[in-house]
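Numbering (the UniProt record's numbering), first residue to last: 1 to 182.
Printed below as a string of structure tokens:
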């Protein structure tokens, strides 16, 4: 994916809280499309190899959650975290991270990730097919800016992190707002 590319149209199978449902699991299935998340909005999307993994849970997700106000101040409407995990896992991870500002998107089958060209095999870690780590600024379903970690490859021996960090994405947004120097 590169700047100017249109996001693929897919359906995400999500679980959403429904107060009408009693019991310990008050959620119902709700399908959401790419348009539901991205149409008419400027958002930051970041995708990572897996919920509950160290870099994702310690740095990337908390960084976007804690920096939410800074992103909103730069004209971002929402921040989404995506992973090739099902909705149950993503919801539990969001709960364990005390998320209130970043929304999670489950790409359980990896369809969106595959169509983005970011699906990689991580069998070397026992993960199976997962997302390569990246971030993007998406404006009305079109990639405005792309931040892909180096070394995209199946069974990569490392998990590069830096290009897709909250700090890097925020720096792009701040610099983009600066007037051009003559």
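Even for Gly, the Cβ is constructed at its ideal location relative to N, Cα and C.
Quantities reported herein were computed from a predicted structural model and do not represent experimental measurements.
For residue i, the first and last residue of its enclosing alpha helix (DSSP H)
i: residue 134; result: Taken as a continuous stretch (DSSP letters only), residue 134 belongs to no alpha helix (DSSP H), being part of the beta strand (DSSP E) at 134–139.
i: residue 65; result: 61–66
Per-residue DSSP class, three states only, for residue i
i: residue 174; result: helix
i: residue 12; result: strand
i: residue 179; result: Caution applies to residue 179, whose pLDDT of 42 falls short of 50 and renders its modelled position unreliable; the value that the coordinates give is listed next. Here residue 179 sits in coil by DSSP.
i: residue 165; result: coil
Residues bridged to residue i (per DSSP)
i: residue 47; result: 82, 134
i: residue 27; result: 17
i: residue 33; result: 11
i: residue 6; result: 142
i: residue 148; result: 134
Spatial neighbours of residue i in its chain, beta-carbon cut-off 6 Å, leaving aside the 5 residues before and after
i: residue 103; result: 80
i: residue 69; result: none
i: residue 119; result: 110, 113, 129
i: residue 94; result: 104
i: residue 152; result: 132
i: residue 191; result: Not covered by the structure: residue 191. The range shown for the chain is 1 to 182.
i: residue 107; result: 82, 84, 113
The ligand GDP heavy atom lying under 6 Å from the CB of residue i
i: residue 153; result: Judged by which ligands are present, the structure shown has none, so any question about the ligand GDP falls away.
Minimum Cβ-Cβ distance from residue i to chain C less than 7 Å
i: residue 83; result: Absent here is chain C; the protein component of the structure consists of one chain.
Close beta carbons around residue i, own chain, < 8 Å, minus the five adjacent residues each side
i: residue 141; result: 6, 7, 34, 35, 38, 39
i: residue 100; result: 65
i: residue 97; result: 57, 61, 62, 65
i: residue 21; result: 27, 28
Same chain, Cβ closer than 7 Å to residue i, neighbours up to 5 away in sequence not counted
i: residue 121; result: 129, 154, 155
i: residue 30; result: 14, 16
Identify every run of the beta strand (DSSP E) within the segment 73–144, keeping only runs that are complete inside it and at least 3 residues long; order them along the chain.
78–83, 103–106, 119–121, 129–131, 134–139
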